[in-house]
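Worksheet for the structure shown next.
2 protein chains.
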Amino acid sequence: MSRQQTADSRRQGFFRSRWVDAPDGAEELDPAQLAPGFRAGGAHCGLKGGGETDVAVLACDAESVDSAVLLTRNAAAAAPVRLCRDDLDQGGVRAVVVNSGNANAATGRQGYRDALTMQMAGADALGVEPETVAVAETGVIGVPLEIAPVIDGIRSAGGALSPGGGGEFTRAIMTTDRGPKHCTLRAGGVTVSAQAKGAGMIEPGFATMLCFVQTDARVSDPEAELRRAVAGSFERITVDGQMSTNDTVILQATGAAGEPLLPGLLDAVLLQLALEVVADGEGAERVGRVEVTRAANAGEAERVARAVANSPLVKTALTGRDANWGRIAQAAGMALAGVAIDEPGPHSIDFEELGADVAEAEIGITLGRGDASAHVYFSDLTHEYIRINAEYTT
Amino acid sequence: MSRQQTADSRRQGFFRSRWVDAPDGAEELDPAQLAPGFRAGGAHCGLKGGGETDVAVLACDAESVDSAVLLTRNAAAAAPVRLCRDDLDQGGVRAVVVNSGNANAATGRQGYRDALTMQMAGADALGVEPETVAVAETGVIGVPLEIAPVIDGIRSAGGALSPGGGGEFTRAIMTTDRGPKHCTLRAGGVTVSAQAKGAGMIEPGFATMLCFVQTDARVSDPEAELRRAVAGSFERITVDGQMSTNDTVILQATGAAGEPLLPGLLDAVLLQLALEVVADGEGAERVGRVEVTRAANAGEAERVARAVANSPLVKTALTGRDANWGRIAQAAGMALAGVAIDEPGPHSIDFEELGADVAEAEIGITLGRGDASAHVYFSDLTHEYIRINAEYTT
Chain A
827 MSRQQTADSR RQGFFRSRWV DAPDGAEELD PAQLAPGFRA GGAHCGLKGG
877 GETDVAVLAC DAESVDSAVL LTRNAAAAAP VRLCRDDLDQ GGVRAVVVNS
927 GNANAATGRQ GYRDALTMQM AGADALGVEP ETVAVAETGV IGVPLEIAPV
977 IDGIRSAGGA LSPGGGGEFT RAIMTTDRGP KHCTLRAGGV TVSAQAKGAG
1027 MIEPGFATML CFVQTDARVS DPEAELRRAV AGSFERITVD GQMSTNDTVI
1077 LQATGAAGEP LLPGLLDAVL LQLALEVVAD GEGAERVGRV EVTRAANAGE
1127 AERVARAVAN SPLVKTALTG RDANWGRIAQ AAGMALAGVA IDEPGPHSID
1177 FEELGADVAE AEIGITLGRG DASAHVYFSD LTHEYIRINA EYTT
Chain B
827 MSRQQTADSR RQGFFRSRWV DAPDGAEELD PAQLAPGFRA GGAHCGLKGG
877 GETDVAVLAC DAESVDSAVL LTRNAAAAAP VRLCRDDLDQ GGVRAVVVNS
927 GNANAATGRQ GYRDALTMQM AGADALGVEP ETVAVAETGV IGVPLEIAPV
977 IDGIRSAGGA LSPGGGGEFT RAIMTTDRGP KHCTLRAGGV TVSAQAKGAG
1027 MIEPGFATML CFVQTDARVS DPEAELRRAV AGSFERITVD GQMSTNDTVI
1077 LQATGAAGEP LLPGLLDAVL LQLALEVVAD GEGAERVGRV EVTRAANAGE
1127 AERVARAVAN SPLVKTALTG RDANWGRIAQ AAGMALAGVA IDEPGPHSID
1177 FEELGADVAE AEIGITLGRG DASAHVYFSD LTHEYIRINA EYTT
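First to last, the protein sequences are chains A and B. Every letter in the first sequence is one number past the one before it in our numbering, and letter 197, counting from 1, is 1023. Every letter in the second sequence is one number past the one before it in our numbering, and letter 268, counting from 1, is 1094.
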């Protein structure tokens, strides 16, 4: 699967990564157009400067809806994440209210009260029960949320929802993203629409950003479906090795189309979106994929893959188009510290694309110790990362 | 100990960090002057461009010598490290031969043969047994060593050793270091001289660079002394979270002065040198010290301290003089993923120096979960790190 396509024969359209198996027969629609039964919209409340939209609302009008919610495991989880854990019917999410510009993280009890107020405002605006309204937030950490304009924004956005509001919704949830990450696909008689944001603070336990997926397909076990798709996508990426306080992924399915999801479709959508997040990693110019094979066990494979993917020396080699396999050997050796193995040599590291002029570069490492394997997608490390993060302040 | 001195009342001389307890009555001598009984010198063999010295030899002329050697635990350890592990009398090291410019790491069997050849050349030049000659190398990884000029360099340097050759020795072992890191101190009737190098690929299991220490003191258990001093110094630092393939620390003690080391002297010397390595971290402008207290256990304290110290978001906040405690809370929360704790808030993070204009900044984190604590010294992350590492190529 990893080498099904060479890096220079780039695909067009949404499924453009060499690493994504696009399901046969999936038709791409206008990404602003949501799956049937969903409406969305955005508003400007002043959290982001320059008049950009920073509050978004998404609602499901269908008779019934099944859903699943996955949340960050960060012990300093933000208020909206705690709310989704404690005060949300995760299997029956009707609506989502989101703001960007302030993560409402590490904001204590007042932050939690503010998230509850957002949930109430969403419920009021849409005429639904509060426990069916999910709250998600993203932006700066540790700064109290100015709640009054956010509530105004929720009312304003909630009063002007549209089936074609996916683009507005996506733009309103962006922070340092260079562009919107969204798609709408039709396959096997059902429609799937999805919106994601994320660029920095990216190394999930599973998710590492915000991602919302809507469909009119019949999904019998949304949590199992979502967990599997996330395990192969947002669980496999890193920008800066930093698990966020706010990661949230929500799947909503109405079942109105009466058909199930095409096998592999959800996985492909989430993997492409996850790769968009990596490609848009703060300051990123290139994406790498490291695959560790023949490790002694799954934990070892994962540890080596993460060590290589998060090494600033490997990341800057990717930036510099430097086929520096010594740095790969060093990072792998660090992850295997204390293990008596043969020195990893050029024979066991396939690294040549690091030095080539390709946007998506493969690195393979064979350990010769067993049958386990793991892979991780990662971004490079550039001047722009420093500029963004040394200047982006509270 | 950590706050014994405010950051703006900088000390003069070698012990200039606020975090080092300089022993009373230690007199600073010319750092080029080695401890009695030792001679050193350098030569240029062409591994580094521009005519800089890149081969160094250090020898002990005393009747007897005790020593200890600590080596990286990286599973991809370099040839000289393997040699010091397998073919060196670690308790009776007479001489050290070093080259910079090539780490002789991930160079396979030929690399090991080359390290043996260097050991033989050192033994020949000095008229000592090969198993008493330690070999250390530093520089680029994965490139075969050009052995002939290195051997010439060892002969040349070994034929012109001098008791005042500590400066030449130190310059010859530098790679991306901005300046020499060395000292010679006299206290309690004994002399200690020490030379270190290191700037990138710095996060030790214990050491993370090369460091050589000579003394005429009587040291009854050199390995125990060295392990304790390294545990409080090179074990506590990080630049880029990368454990090197070549880390080596060697202590040689002749006992000729008939007196023991002043308590705390070796610890203070190694801590100051370790802090020099952090301050000289590739592109570094500032140094931070994070102290985690009231953790549930030592492992948890260490994990949180390392997560904060290695977070590129905290590092860039240090660069940007941004008192961004949200990023500290996020990194600490990531290290505690899955643990149910109260949200770390401003009350539990003492971070104000991050945003102040001090060269050495303190961060304190109180977890309120137990009695364990840990601290780590770390460098910031700047444009210069990217420039050095995206351009420094094989």
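Just so you know, even glycine gets a beta-carbon here, dropped at the ideal spot from N, CA and C. Since the model is a prediction, treat every value here as computed from it, not as a measurement.
- Per DSSP, A1182 (chain A) is not a residue of any alpha helix (DSSP H), being assigned neither H nor E.
- When Cβ-Cβ separations below 7 Å define contact, N925 (chain B) makes no contact with chain A.
- According to DSSP, E1061 (chain B) shares a beta bridge with no other residue.
- Here DSSP, grouped into helix, strand and coil, assigns I1191 (chain B) to strand.
- Comparing alpha-carbon positions, the option among B:T1071, B:L1099, B:V1116, B:T1142 lying closest to S1174 (chain B) turns out to be B:V1116.
- Assignment of T898 (chain A) by DSSP, reduced to helix, strand and coil, places it in the coil class.
- For the options A:N1136, A:A1127, A:R844, A:G863, the alpha carbon positioned closest to that of G992 (chain A) is the one of A:G863.
- If one requires a minimum length of 4 residues, the alpha helix (DSSP H) runs lying completely within the segment 887-961 of chain B are 905-912, 934-952, in chain order.
- Distance from A1216 (chain B) to L1180 (chain B) at the Cβ level is roughly 26 Å; contact not present, criterion being Cβ atoms closer than 8 Å.
- DSSP places I1154 (chain B) inside the alpha helix (DSSP H), whose first and last residues are 1151-1161.
- Where I1076 (chain B) is concerned, the enclosing beta strand (DSSP E) starts and stops at 1074-1079.
- If you ignore the 5 residues before and after T1192 (chain B), its C-beta comes within less than 6 Å of the C-beta of T1119, R1120, S1174, all in its own chain and listed in chain order.
- Taking K1007 (chain B) as reference, the option from B:F995, B:A1022, B:A903 with the minimal CA-CA separation is B:A1022.
- In this structure, N925 (chain A) lies away from V846 (chain A), with their beta-carbon atoms at least 7 Å apart.
- Taking the Cα positions, V891 (chain B) is about 40 Å away from A1133 (chain A).
- Pairwise C-beta distances place the segment 1013-1022 of chain A out of contact with the segment 902-920 of chain A, as fewer than three of them are shorter than 8 Å.
- V923 (chain A) and R844 (chain B) have their C-alpha atoms spaced approximately 49 Å apart.
- In this structure, the straight-line span from the alpha carbon of A861 (chain B) to that of D1106 (chain B) is close to 25 Å.
- According to the DSSP assignment, E1128 (chain B) belongs to the alpha helix (DSSP H) that extends over 1124-1136.
- Going by DSSP, S1046 (chain A) is part of no alpha helix (DSSP H) at all; its letter is neither H nor E.
- Residue burial annotation: G948 (chain B) is buried, with at least 16 other C-beta atoms found within 10 angstroms of its C-beta.
- For A986 (chain B), the three-state secondary structure derived from DSSP is coil.
- Boundaries of the alpha helix (DSSP H) harbouring Q1098 (chain B): 1091-1105, taken from the DSSP string.
- A straight line joining the alpha-carbon of A1055 (chain B) with that of V1065 (chain A) spans about 36 Å.
- Residues of chain A with a Cβ closer than 7 Å to the Cβ of M1069 (chain B) are, in chain order, M1160, A1163.
- Close to V966 (chain B), with beta-carbon spacing below 7 Å, are these residues of chain A in chain order: G1152.
- For E853 (chain B), the beta-bridge partners assigned by DSSP are B:R1012.
- Per the Cβ contact rule, the segment 1043-1057 of chain B is not in contact with the segment 871-891 of chain B (fewer than 3 Cβ pairs under 8 Å).
- In this structure, G1152 (chain B) lies near I967 (chain A), with their beta-carbon atoms less than 7 Å apart.
- Within the segment 1135-1146 of chain A, the residues whose Cβ lies closer than 7 Å to some Cβ of chain B are S1137, P1138, L1139, T1142, T1145, G1146, listed in chain order.
- Out of A:E1108, A:Q1098, A:L1139, A:P1138, the CA that lies nearest to the CA of Q838 (chain A) is found in A:Q1098.
- In the DSSP assignment, F995 (chain B) falls outside any beta strand (DSSP E) and within the unbroken alpha helix (DSSP H) covering 992-998.
- Between Q1040 (chain A) and the set A:T1010, A:A1050, A:G1015, the nearest pair of CA atoms involves A:T1010.
- The Cβ atoms of N928 (chain A) and L884 (chain A) lie no closer than 7 Å to each other.
- Take the alpha-carbon of Q859 (chain A) and the one of G867 (chain A): they are about 11 Å apart.
- Annotation: the continuous alpha helix (DSSP H) that includes R1213 (chain A) extends over 1209-1217.
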